[in-house]
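Student: To start, I am sharing the structure in question, which I have written as structure tokens.
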Amino acid sequence: MGQAFRKLFDTFFGNKEMRVVMLGLDAAGKTTILYKLHIGEVLSTVPTIGFNVEKVQYKNVIFTVWDVGGQEKLRPLWRHYFNNTDGLIYVVDSLDRERIGKAKAEFQVICTHTHTHTHTHTHTHTQYIYIYIYMSCAIINDPFMLNSVILIFANKQDMRGAMTPMEVCEGLGLYGVRNRVWHIQGTCALRGDGLYEGLDWLASTLNELQTSRRSTSVGSSSF
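Just so you know, we're using UniProt numbering here: the sequence shown kicks off at 1 and counts up by one.
Next comes the structure, spelled out in structure tokens:
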């Protein structure tokens with residue numbers, strides 16, 4: 001009886017643990033965001049080769065955040081970090097207008113089964129492209145990601161000329177994401193602006209989904 005009561009108490013009042021994968025192109029600010037949330041400081045960082053993982057406690061939620069390298073050669077490996085993932089944070093460099101198309105391509109390849117259009121080709125180079133697309137495509141449709149929510153950080157909002165969250169939303173084609181819950185948040189990793197607002201949304205949304213897991217999922221979006 002006592003053990004059952006304690007389990008019930010922890011369910012409603014104890015700390016909850018959630019696993020989050022943070023993806024995005026290289027130099028988007030993922031590692032800066034991770035350590036700003038983890039220790040409250042801005043660290044000097046180098047391009048991530050592989051991953052960084054830290055626990056971030058916010059209110060009654062302990063987030064285990066996996067910051068995975070965003071260099072082109074590492075992107076096919078993203079899918080290996082999806083197991084038991086509750087949330088996806090996709091970080092975009094709002095100042096990098098030249099690569100918003102690349103950020104969109106990676107995000108869209110996450111959302112669509114692009115490989116179905118390439119299977120008829122046999123050229124060696126095309127086969128390489130096929131393998132790359134197959135490994136990195138359909139991330140949010142991956143079996144390990146079906147219950148994950150999506151948080152987009154439109155980072156570097158402090159910089160003059162940065163795209164607004166609305167522009168990033170349009171640039172990524174977020175309105176085409178169906179049957180998934182997503183939210184876009186403007187952020188400045190150096191100052192911490194918007195980071196905790198994003199965690200607020202992530203925590204509350206995941207809590208709601210966990211309490212209504214048996215209900216049918218309906219796609220929604222928010223700013």
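C-beta: ideal position from N, C-alpha, C; glycine also.
Can you confirm whether the region 163 to 179 touches the region 203 to 213 when touching is taken to mean that 3 or more C-beta pairs between the two stretches lie within less than 8 Å?
Tutor: Verdict: no, contact absent.
Student: Look up LEU88 in the DSSP assignment and give the residues it is bridged to.
Tutor: Answer is VAL21 and ILE150, bridged to LEU88.
Student: Which of helix, strand or coil does DSSP assign to ASN179?
Tutor: ASN179: coil per DSSP, three-state reduction.
Student: Measuring only the C-alpha atoms, how far is MET163 from GLU170?
Tutor: Distance between the alpha carbons of MET163 and GLU170 is about 10 Å.
Student: Whose CA, out of SER44, GLY40 and GLN108, lies closest to the CA of GLY192?
Tutor: If we check each option's Cα against that of GLY192, GLY40 comes out closest.
Student: Do PHE82 and VAL21 have their C-beta atoms closer together than 8 Å?
Tutor: A contact, by the Cβ cut-off of 8 Å.
Student: My output table needs one value for GLN71: the three-state DSSP class, helix, strand or coil.
Tutor: Coil, per DSSP.
Student: Which partner residues of VAL66 appear in the DSSP bridge assignment?
Tutor: Strictly speaking, residue 66 in this sequence is Trp, with Val absent from that position. Answer by DSSP bridge pairing, in chain order: VAL21 and VAL53.
Student: Compare the beta carbon distance of PRO165 and GLY186 with 8 Å and say whether it is the shorter of the two.
Tutor: Going by C-beta atoms, PRO165 is nearer than 8 Å to GLY186.
Student: Only counting the same chain, and skipping five residues up and downstream in sequence, which positions put a Cβ closer than 6 Å to that of LEU172?
Tutor: LYS104 and PHE107.
Student: Would you list the residues sitting across from ASN155 in a DSSP beta bridge?
Tutor: According to DSSP, which records beta bridges pairwise, ASN155 is partnered with ASP93.
Student: LYS156: buried (16+ other C-beta within 10 angstroms of its C-beta) or exposed?
Tutor: It is buried - the Cβ of LYS156 has at least 16 other Cβ atoms within 10 Å.
Student: Check whether the region 82 to 91 and the region 47 to 55 are in contact - that is, three or more C-beta pairs closer than 8 Å.
Tutor: No, the region 82 to 91 does not touch the region 47 to 55.
Student: So, with DSSP's three-state summary, where would you put VAL61?
Tutor: DSSP places VAL61 in strand when its eight states are reduced to three.
Student: Using three-state DSSP, classify ASP193 as helix, strand or coil.
Tutor: Note: ASP193 maps to strand in three-state DSSP.
Student: Just the C-alpha distance for HIS123 and VAL61, rounded to the nearest angstrom, thanks.
Tutor: The predicted position of HIS123 is uncertain, since its pLDDT is 42 and thus under 50; a value taken from the coordinates is nonetheless stated next. Roughly 49 Å between the two C-alpha positions.
Student: Between PHE9 and the rest of its own chain, which residues show a CB-CB distance below 7 Å, the 5 nearest in sequence each way excluded?
Tutor: Reliability fails at PHE9, whose pLDDT of 48 lies under 50, so the model's placement of it is uncertain and the value that follows must be treated cautiously. Contacts found: none.
Student: Where DSSP assigns a beta bridge to ILE184, which residues make up the other side?
Tutor: Paired residues: ILE152.
Student: When the distance is taken between beta carbons, is LEU195 closer than 8 Å to HIS36?
Tutor: Going by the sequence as given, residue 36 is Lys instead of His. Yes, the Cβ-Cβ distance between LYS36 and LEU195 is below 8 Å.
Student: Would you mind working out which of GLY24, ASP158 and GLU17 sits nearest LEU151, comparing C-alpha positions?
Tutor: Selected option, being the one with the closest Cα: GLY24.
Student: Near LEU190, which residues of its chain fall below 6 Å by C-beta distance, leaving aside the five closest residues on each side in sequence?
Tutor: Counting only Cβ-Cβ distances below 6 Å, and skipping sequence neighbours, we find VAL42.
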